[in-house]
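Okay, structure first, notes after.
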Amino acid sequence: MSDIIDGVNQAISLIVTLNPEVMHIAALSLFISLTATIIAALIAIPAGGFIHFHEFYGKRALIILIQTLYSVPTVVVGLVIYLLISRSGPLGVLGLLFSPAGMILGQTVLIIPIMMGLVISALSGVDRGISDTLVALGATGLQKILEIIKEARYAILSAVVLGFGRAIAEVGVAMMIGGNIRDQTRVLTTAITLETGMGNFGLSIALGIILLAVALIVVVVLNLITSGMSSDSQRIRGGPQG
Amino acid sequence: MIRIEHLSKAFNGAKILSDIDLEIKAGEIFTFIGPSGSGKTTILRLIDLLDRPTSGRIVFDGEDTAVSETKQLAIRRRMGMVFQKPAVLNATVSENVAFGLKFRHVPREEIEKRVPAALELVGLPDLSGQRAPTLSGGEMQRVALARAMVTQPDVLLLDEPTANLDPVSSDLIEDLILRINKKFRTTIVMSTHDMIQGQRLADRIGVIMNGRLVQVGSSAEIFYQPSGREIARFVGIEAIRGGTVTENRGGHALIRIGETCIEALTDVRVGQRVALYIRPEEVGLMPDDASFPRSSVRNHFTGRITKMVPSGPFVRVTVNCGFVLMALITRRSCTELGLVVGTNVVAGIKATAIHVLTDEKIDT
C-alpha cells in the first residue's frame, strides 16, 4: 500500500518538476504514436472509402479479414516487422531496427486494420438515402464520396482515436522493434515495463499517469478539429447568426 | 420533355417495370398512381438516371440518356428529385439547401442570394441557421423541396412527397407543388398512392400496376372510365359483373343483369358480356316508400341494405338489388333518411354515370 502512495507522490513531483527524462520519454511516445496514427489514417480512410464505395469480388471476405486483424497481437506484428527490417531481412538495408522510424512502421501496420474496418462501418452507417440525395442533387462521384465522409466524420474520428489509443498503449512492437534503448527508443509503455521490473513503482505510476494525460490531450484536440468541420462552431465563434 | 420508350427494369431477374411507353410534356404535372410496390419509385429513379434501365430508353428534351456518366450528370443536373423519405445532411438548413449549387460550382454570392429565396419559397425563411436533422418530417420535406428547387430545374421529380406526413403538412406540400408548377413552369413528375392527391395535382395521371403502365389519362378518365377491373378497384369502384347487352341503339344500350335491365351509354354490341362500373358517389339512395324523383335518373332499382361502413363524413352503403351496388352517402343524409342495415331502398343512377367494359377485356 505504501508503495502506491509513495508512487503517486513521486509521480506528482516528477510531473510538476517536468523531469527531463520523463518528458523526453513522453514526447517520444507521443511523436511515434501520433505519426503512426496520421500515416495509418492517411492510408485507412481512403482505403476504407474505396472498399465501401466499390463493389468487387471478395469484398465480404476482405472485410472479415480486416476485422480479424483487429485482434492481431502486438507481438506478432512486432515479430513480422522485425523479420522484415532486421539486417538479414528484405528491408534490412534501411536500418530501421531499433529506431523510432521502425517503431512508427510497426505501429502503423498494427492499427491500419482497426482504423480501416471502423472507417468502413462508419461509412456504412450513413443513411443510404443520403447517397441517393447527393447524386440527385448533381454531385459527381468524388463530391458524393467527400460529402459522405464528412457526414460520417464523428464515427471516422472514433476510428482514428481508437487507432491512436491502440498505438500509444501497445508494448509489443515498441519493445521488439525499438528495443527500449534509453534516450533513443524508450517510450512510456516500455519504460513502465522496465521500471516496474526494477521496483521503481513511483516512476511507473508517474509514466502511467502521463500516458493517460497524453491520450486525453490528443482526443480533445481531435474532437476540436472534427467539430470545426461542422457549422456549429462557426456560429459560436461569431460567424453568421442563425 | 421526357419520352419513355419500351422501358423495362429488372432486379435480380425479377421484373419491376415492363415495357413502359410514355411522353411527359413540358410544363405539365404528371402523376403516377398505383399501389405500393407497383414500380412508381423505380420509374422516377430511372428518369433521374439514378439507375440504369434493363431495356428500352429515356429521351430527355430530345437527348438520349443512354450516354456516358459525365453526360448523364449534365442531364441529371437539369432535374431535381425529392424522395419519399427526406434525407438531410448533418448541417444547417441553409447548407443543406446549398448543396446542389455547391456541386455546380455556383459562386458564393449567388448561393447567398438563391438559398434564402428557396427557403422563402417553401415558407421556412426563419429556419436557415437551424440544424437540419432537428426538423420535423414536414419541415424536412419542405427543405428537400427547397434544395431541389434552388437549382432551378426544368423537371422536378417527387416520389410520394407526402406519404409520411400529417394532413396539414401534406396540404402545404401540395400547395407548393402547384405554386412551383405555375410560377416556374417546372415540369413535375410525381408518384403517389393517394388518388385524391393525384386528382388534385395532376394534369394527367398514369396508373401503374405490377410494373405496367395500364392507363394514362385525365383524372376524370381514370376515375370515371377506368380501363380495367384492377384499376377500377384501385380508384374505388367495384365491378358489377355478369351483364349482357340486350339492345343497343346508337350507343344507347340496355344491359340485363339477372332480372334487372339497366340503361347505359356504350358502344358494346348486342350479345356481349359486360361489367358495369359505377362510382359509389353517383348512386342516390331513397327509402322505398318515398316517390323517387324521376328527372334524368333513368335507372332505379329496389334493394335491401346489407352493409354500412362509416368512412369519415360518409357512409359506404352496400345494397343488394339482384346485383351488389355500392353507394357513398353523407352521414347526415343517412340519418335523415333513416337508413340502417335491412332498410329497403330505391337506388337511382344516371345512365351517363355507368361505365361499361366488355368482360373479356376485364379479365386480361
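Top line first, the protein sequences correspond to chains D and Y.
Residues in the first sequence are numbered from 1 upward in steps of one, following the working numbering.
Residues in the second sequence are numbered from 1001 upward in steps of one, following the working numbering.
Beta carbons are placed, not taken as given, at the ideal position from N, Cα and C, and that holds for glycine.
The straight-line gap separating the alpha-carbon atoms of L1101/Y and T1151/Y is approximately 6 Å. A1275/Y is positioned such that its CB atom lies no closer than 8 Å to that of I1222/Y. Using a Cβ distance threshold of 8 Å, I1058/Y and I1002/Y count as a contacting pair. In chain order, V135, A136 and G138 make up the part of chain D whose C-beta sits under 8 Å from the C-beta of R1076/Y.
Rounded to the nearest angstrom, the gap between the Cα atoms of L1201/Y and R128/D is 29 Å. A1327/Y: member of the beta strand (DSSP E) spanning V1324 to T1330, first to last residue.
Take G1138/Y, set aside five residues on each side of it, and the residues of its chain with a beta-carbon closer than 6 Å to its own are L1165 and S1169, in chain order. In the three-state reduction of the DSSP assignment, R1076/Y falls in the helix class, which pools H, G and I. For G129/D, at least one C-beta of chain Y is nearer than 8 Å to its own C-beta. The straight-line gap separating the alpha-carbon atoms of I1004/Y and A1026/Y is approximately 14 Å. In this model, G1129/Y and P1153/Y are separated by some 25 Å (Cα to Cα). Counting the other Cβ atoms within 10 Å of the Cβ of V1155/Y gives 16 or more, which makes it buried. With a cut-off of 8 Å on Cβ pairs, the region 205 to 224 of chain D is in contact with the region 17 to 25 of chain D, counting three or more such pairs. Annotation: Cβ neighbours of M1081/Y in chain D (cutoff 7 Å, chain order): A136. Fully enclosed alpha helix (DSSP H) runs of no fewer than 4 residues occupy 1040 to 1047 and 1069 to 1076 of the region 1036 to 1087 of chain Y, in order along the chain. Measuring C-alpha to C-alpha distances from L1328/Y to each of S1311/Y, A1098/Y and N1210/Y identifies S1311/Y as the nearest. According to DSSP, A1347/Y shares a beta bridge with L1285/Y and F1301/Y. Annotated three-state conformation of A215/D is helix, per DSSP. For the region 1150 to 1171 of chain Y, the residues whose beta carbon sits under 9 Å from a beta carbon of chain D are, in order, T1151 and L1157.
At a cut-off of 8 Å, the C-beta of D3/D has no neighbouring C-beta in chain Y. Judged by DSSP secondary structure, F1030/Y falls within the beta strand (DSSP E) whose first and last residues are I1029 to I1033. Secondary structure at G1242/Y: strand, using DSSP grouped into helix, strand and coil. Contact annotation: G172/D and T74/D have beta-carbon atoms nearer than 8 Å. Listed by position along chain Y, the residues whose Cβ is nearer than 7 Å to that of D132/D are L1050 and F1083. Counting the other CB atoms within 10 Å of its CB gives N1012/Y a total below 16, which places it among the exposed residues. By the 16-neighbour rule on beta-carbons within 10 angstroms, H1105/Y is exposed. Around the beta carbon of E1112/Y, a 10 Å sphere encloses fewer than 16 other beta carbons of the protein chains shown; the residue is thus reported as exposed. The C-beta of M198/D has fewer than 16 other C-beta atoms within 10 Å across all chains shown, which makes the residue exposed.
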